Amino acid sequence: SQQGEEDPQALSIQEGENATMNCSYKTSINNLQWYRQNSGRGLVHLILIRSNEREKHSGRLRVTLDTSKKSSSLLITASRAADTASYFCATDDSGNTPLVFGKGTRLSVIA
Amino acid sequence: DGGITQSPKYLFRKEGQNVTLSCEQNLNHDAMYWYRQDPGQGLRLIYYSQIVNDFQKGDIAEGYSVSREKKESFPLTVTSAQKNPTAFYLCASSINSGQPQHFGDGTRLSIL
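Dropping the structure here:
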């Protein structure tokens, strides 16, 4: 079952620009999480936003959540070549079932 | 350092052979998961376990089997019934369902 759907599928930007990725989901959630995956590696958890939160920051990351539109966005400011990776959103539906991951956005940051 | 370890990094399977992928964690997490990732795709859940001696099928369990005899260990067996096993396999753990997951660095399985 695929809950989150990221958009765009791929994104290419210049170093120093901001990168925005979106995630849409279908059912009500307890929380939404964003992960990063470097090529050939496991995923790394970036940030968790609860259903009663609207915005959260962590360093150069800013996540927003709009439960009325069932969507979230991840903004990476002042991107660096090292930010090149795939980014996935994952939703927690009830707290007693595993997270459901989207298909990801492939971000390329060109130096 | 606490973490989650998958081995081997690369594995080759002959036709008709079962192979077992190892996953060990020292994070004291109750929940563990196995995912399959195909090129350019997201993660698909194979099996998960929320507690020792209990596990549940995910979306694509056919052709796979697991055990959870110890909290730290959640091995995955890819059986000969899995006709298209070539993929990148990821193991993860979390304190409980819904909490952030910690991932291993994966095992890439190929067919000889």
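Chain order of the listed sequences is F and S.
First residue of the first sequence? That's 1 in this note's numbering, and the numbers climb one at a time after it.
First residue of the second sequence? That's 1001 in this note's numbering, and the numbers climb one at a time after it.
Quick reminder that beta carbons are idealized off the backbone N, C-alpha and C, glycines included.
Quick caveat: nothing in here was measured; it's all calculated off a predicted structure.
Could you check which residue in S/GLU1015, S/SER1007, S/THR1005 has the C-alpha nearest to that of S/ASN1084? S/GLU1015
Sorted by chain position, which residues of the same chain lie with C-beta nearer than 7 Å to F/THR91's C-beta, five sequence neighbours on each side aside? GLN3, GLY4, TYR25, ILE29, LEU32, LEU99, VAL100
Just checking, does the region 1061-1068 of chain S make contact with the region 1039-1050 of chain S on the three C-beta pairs under 8 Å criterion? yes
Quick one: is F/THR27 near chain S, going by C-beta distance under 8 Å? no
Short Cβ contact (8 Å threshold) for F/LEU48 with S/PRO1100: yes
Determine the burial state of S/ASP1054: buried for a count of at least 16 other Cβ atoms within 10 Å of its Cβ, exposed for fewer. exposed
Given this structure, state the Cα-to-Cα distance separating S/ARG1108 from S/VAL1078, to the nearest angstrom. 12 Å
Secondary structure, beta strand (DSSP E): runs of 3+ residues fully inside the region 22-51 of chain F: 31-37, 43-50
Taking Cβ to Cβ, would you say F/ARG50 is nearer than 8 Å to F/TYR87? no
Within this structure, are the beta carbons of F/GLU15 and F/ALA85 separated by less than 8 Å? no
What are the residues that DSSP puts in a beta bridge with F/GLN14? F/ILE110
Would you report the Cα separation of S/PRO1093 and S/ARG1013, rounded to the nearest angstrom? It should be pointed out that residue 1093 of chain S corresponds to Ser in this sequence rather than to Pro. Each residue's Cα considered, the two are about 26 Å apart.
S/GLN1017 burial status per 10 Å Cβ neighbour count (16 or more: buried): exposed
Can you name, in chain order, every residue of its own chain whose Cβ lies under 8 Å from the Cβ of S/PHE1103, other than the five neighbours on each side? ILE1004, LEU1090, CYS1091, ALA1092
Looking at the structure shown, is F/ALA81 part of a helix, part of a strand, or coil, going by DSSP? helix
Per DSSP, the bridge partner or partners of S/PHE1074: Note: S/PHE1074 sits in no beta bridge, so no partner.
Identity of the residues DSSP links to S/GLN1037 by a beta bridge: S/LEU1043, S/PHE1088
Can S/PHE1088 and S/GLN1006 be called in contact, C-beta distance under 8 Å? no
Can a CB atom of chain S be found closer than 8 Å to the CB of F/ARG50? no
Using a Cβ cut-off of 8 Å, pull out every chain S residue sitting near F/HIS45, in sequence order please. PRO1100, GLN1101, HIS1102
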